[in-house]
Amino acid sequence: MGAQQSRQEPLVFYGESDVALKFSHDFVNQLQRNNHSNSSNDHKSDSLSPAEIDQIVEKRVSQELKKIRSSLAVEQEKKRPSTKVIEQDLERLADKNKIRSEKPLAPEIEERQQNLISCYKNNQDKPLDCWKEVEMFKESVEKARKEFVATHL
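For the sequence shown, position 120 matches number 120 in the UniProt record's numbering, and the numbering has no gaps at all.
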């Protein structure tokens with residue numbers, strides 16, 4: 001009765017992992033070889049302290065984690081867009097921006113802009129005399145802006 005309570009059951013850990021673990025045949029064979037050599041050397045394992053066993057387990061776990069992390073890093077590197085794709089996107093955006101910037105001004109705006117420039121040239125000493133031209137230019141720009149917004153919404 002008391003013998004069963006003092007008998008140590010093996011520890012089994014169950015957990016759900018987001019990462020599927022895959023082991024190579026070489027690794028499994030190495031573990032089996034280590035298991036066979038450990039069973040023949042049971043007197044050695046009995047002499048290991050719990051701290052030493054913890055260190056060995058921790059070392060093996062860290063090695064496996066390094067392998068998993070490196071494989072994940074390789075997968076993530078594959079998922080990144082290539083330089084060529086990024087360059088194509090940049091060229092497409094630059095062309096799109098170039099087309100927008102090359103649109104000519106409305107004739108009304110150009111005319112009022114020229115009137116304003118000539119007024120400033122004629123009244124270099126008195127630029128405040130060009131207030132009418134400034135107001136007309138501002139009105140035409142505002143009108144063009146409203147038309148643009150109305151057509152693009």
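Ideal Cβ placement from N, Cα and C applies to all residues, glycine included.
If you're wondering where the values come from, they're calculated on a predicted model, not measured in any experiment.
Item                                                                                                     : Value
Beta carbon of residue 133 nearer than 8 Å to that of residue 122                                        : no
At least 3 beta-carbon pairs within less than 8 Å: the region 92 to 112 vs the region 122 to 131         : no
Alpha-carbon to alpha-carbon, residue 144 and residue 137                                                : 11 Å
Where the alpha helix (DSSP H) containing residue 115 begins and where it ends                           : 107 to 122
Span separating the alpha-carbon of residue 135 from that of residue 142                                 : 10 Å
Environment of residue 71 [buried if 16+ CB atoms lie within 10 Å]                                       : exposed
Alpha-carbon to alpha-carbon, residue 35 and residue 88                                                  : 55 Å
Residue span of the alpha helix (DSSP H) that contains residue 69, given as start and end                : 50 to 79
Buried or exposed by the 16-neighbour rule on C-beta atoms within 10 Å, applied to residue 47            : exposed
Three-state class that DSSP yields for residue 31 in the structure shown                                 : helix
Identity of the residue in 53, 60 and 51 nearest residue 30 by Cα                                        : 60
Backbone secondary structure at residue 45 - three-state DSSP                                            : Because residue 45 sits at a pLDDT of 49, beneath the cut-off of 50, its placement in the model cannot be relied upon, and the following sentence gives the value as read from the coordinates. Correct three-state label for residue 45: helix.
Close Cβ partners of residue 120 (< 7 Å) along its chain, the five nearest in sequence each way excluded : 127 and 130
Beta-carbon proximity check, residue 140 vs residue 108, cutoff 8 Å                                      : yes
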